[in-house]
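*Asks:* Once you've had a glance at the structure underneath, I'll fire off some questions.
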Amino acid sequence: MESRTEPAEREPDITVREPGATAVRKPDTSARPPLVRELLLVVGLFLVYKFGRQLANGHTGEAFLNAHRVWDAERSLHLPGEGTVQDALLSSESLIHIANTYYATVHFPATLLFLVWLYWRRPRHYVWTRRVLAALTAAALVLHLGFPLAPPRMLDAAHLVDTAQVYGPSVYAAKPATDTMANQFAAMPSLHFGWALMLAVGLIAATSSRWRWLWLLHPLVTLLVVVGTANHYWLDALAATALLGIALAVIRLPQPGRSLVVRRSAPVRELITTGAGR
Numbered sequence: 001m002e003s004r005t006e007p008a009e010r011e012p013d014i015t016v017r018e019p020g021a022t023a024v025r026k027p028d029t030s031a032r033p034p035l036v037r038e039l040l041l042v043v044g045l046f047l048v049y050k051f052g053r054q055l056a057n058g059h060t061g062e063a064f065l066n067a068h069r070v071w072d073a074e075r076s077l078h079l080p081g082e083g084t085v086q087d088a089l090l091s092s093e094s095l096i097h098i099a100n101t102y103y104a105t106v107h108f109p110a111t112l113l114f115l116v117w118l119y120w121r122r123p124r125h126y127v128w129t130r131r132v133l134a135a136l137t138a139a140a141l142v143l144h145l146g147f148p149l150a151p152p153r154m155l156d157a158a159h160l161v162d163t164a165q166v167y168g169p170s171v172y173a174a175k176p177a178t179d180t181m182a183n184q185f186a187a188m189p190s191l192h193f194g195w196a197l198m199l200a201v202g203l204i205a206a207t208s209s210r211w212r213w214l215w216l217l218h219p220l221v222t223l224l225v226v227v228g229t230a231n232h233y234w235l236d237a238l239a240a241t242a243l244l245g246i247a248l249a250v251i252r253l254p255q256p257g258r259s260l261v262v263r264r265s266a267p268v269r270e271l272i273t274t275g276a277g278r
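For the sequence shown, the residue numbers in our numbering are 1 to 278.
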């Protein structure tokens, strides 16, 4: 994965030399796709995804059968029970309320801000990230359609609390069959975790600070939240990780273009030399 985690200073740039002034490095915006096109593309992908998730509704019996299979598989693999995390959160009503709020409010805004920042500051990384997220989300949609899964909060065998309904806030309707905003039987894979993990990977790849690895705290907190609130199984996060790993292996970060040196002289004349040293 080293080829995809190069520091941000390798982004293409332009060195501008004004007569009698010190050279100034400016970001090369040639890798940035048109804004209107990107907005339409992202909105279109989101609508396709939401429509596709709605197509998976109505498979209640199959979703609960798959839930029992996942639960039994986790016990066979000796994975820790989801209840271990939930018990820790339930030790404080404030803590469980924070976890529910994190689940309800961080997922989409964090991803959106991440993409906006990449678009303006790291356009080459933005294009790569958008492609990876689109591939991950498309693969998740296929799995949602082929493997409907009730979350552990609905599974009696799990003996878990639906923390969002009990403590709030909740983004889901109390009765899944009447929920017109979300498909509650699309637990695997967890896109909450998958997107959070890609956010961390993308920022680690796009920045060069020694502290950039702390971005891994975001998917870690997200994992504990989605499991502790009984919205996802451990295997949901493992499935998202596997799909993201495949997407990262297939979709490579584009190599940076050669840097440009721009020399400006009066009155209005520019000489652009490609391939000059920085």
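We treat Cβ as the ideally placed atom computed from N, Cα and C, and that holds for glycine. If you're wondering where the values come from, they're calculated on a predicted model, not measured in any experiment.
Ordered along the chain, which non-local residues of its own chain (more than five positions away) have a Cβ less than 6 Å from that of residue 3?
*Replies:* Here the question's residue 3 lines up with position 3 in the sequence shown. For residue 3, the predicted model reports a pLDDT of 38, less than 50, meaning its position is unreliable; a value from the coordinates is still stated below. Nothing meets the Cβ criterion.
*Asks:* Given a cut-off of 8 Å, decide if residue 195 and residue 84 are closer than it, judged by their beta-carbon atoms.
*Replies:* Here residue 84 refers to the residue found at position 84 when the sequence shown is read from its first residue. Here residue 195 refers to the residue found at position 195 when the sequence shown is read from its first residue. Their beta carbons are not under 8 Å apart, which means residue 84 does not touch residue 195 by this criterion.
*Asks:* Does the stretch 219-239 touch the stretch 116-127, meaning 3 or more C-beta pairs lie closer than 8 Å?
*Replies:* No, because fewer than three Cβ pairs between the stretch 116-127 and the stretch 219-239 fall closer than 8 Å, the two stretches do not touch.
*Asks:* Can you give the Cα-Cα distance for residue 68 and residue 35, rounded to whole angstroms?
*Replies:* Residue numbering aside, residue 68 sits at position 68 when the sequence shown is read from its first letter. Residue numbering aside, residue 35 sits at position 35 when the sequence shown is read from its first letter. Using only the alpha carbons, I get a separation of about 45 Å.
*Asks:* Whose CA, out of 229, 211, 244, 224, lies closest to the CA of residue 139?
*Replies:* Taking the first residue of the sequence shown as 1, we reach residue 139 at position 139. Here the closest residue by C-alpha is 244.
*Asks:* Which residues in the same chain as residue 64 place their Cβ atom closer than 6 Å to its Cβ, once the five residues preceding and following it in sequence are excluded?
*Replies:* The residue you call residue 64 lines up with position 64 of the sequence shown. Excluding positions up to five away in sequence, the list reads 150.
*Asks:* Tell me which residue opens and which closes the alpha helix (DSSP H) that residue 133 is part of.
*Replies:* As a first step, residue 133 is located in the sequence shown; it is residue number 133 there, counting from the start. Element bounds for residue 133: 123-146.
*Asks:* From this set, 50, 66, 98, 197, which residue's C-alpha is nearest residue 169's C-alpha?
*Replies:* Your numbering for residue 169 matches position 169 in the sequence shown. It is 98.
*Asks:* Could you name the residues of the same chain whose beta carbon sits closer than 8 Å to that of residue 71, not counting the 5 residues immediately before and after it, in chain order?
*Replies:* Here residue 71 refers to the residue found at position 71 when the sequence shown is read from its first residue. Answer for residue 71: 152, 155, 157, 158, 233, listed in chain order.
*Asks:* In this structure, does DSSP put residue 187 in helix, strand or coil?
*Replies:* The residue given as residue 187 occupies position 187 in the sequence shown. Here residue 187 sits in coil by DSSP.
*Asks:* Could you compute how far the alpha carbon of residue 214 sits from the alpha carbon of residue 202?
*Replies:* The residue you call residue 214 lines up with position 214 of the sequence shown. The residue you call residue 202 lines up with position 202 of the sequence shown. Straight-line Cα distance between these residues: approximately 12 Å.
*Asks:* Nearest-angstrom Cα distance between residue 91 and residue 113?
*Replies:* On the sequence shown, position 91 is the one that residue 91 refers to. On the sequence shown, position 113 is the one that residue 113 refers to. Roughly 32 Å separates the two Cα atoms.
*Asks:* Should residue 192 and residue 229 be called a contact, given that it needs their Cβ atoms to be closer than 8 Å?
*Replies:* Within the sequence shown, residue 192 is the residue found at index 192, counting from 1. Within the sequence shown, residue 229 is the residue found at index 229, counting from 1. No; because the gap between Cβ atoms is not below 8 Å, this pair is not in contact.
*Asks:* Quick one, which of 254, 246, 226 has its alpha-carbon nearest residue 106's?
*Replies:* As a working note, residue 106 is residue 106 in the sequence shown. Ranking 254, 246, 226 by Cα distance to residue 106 puts 226 first.
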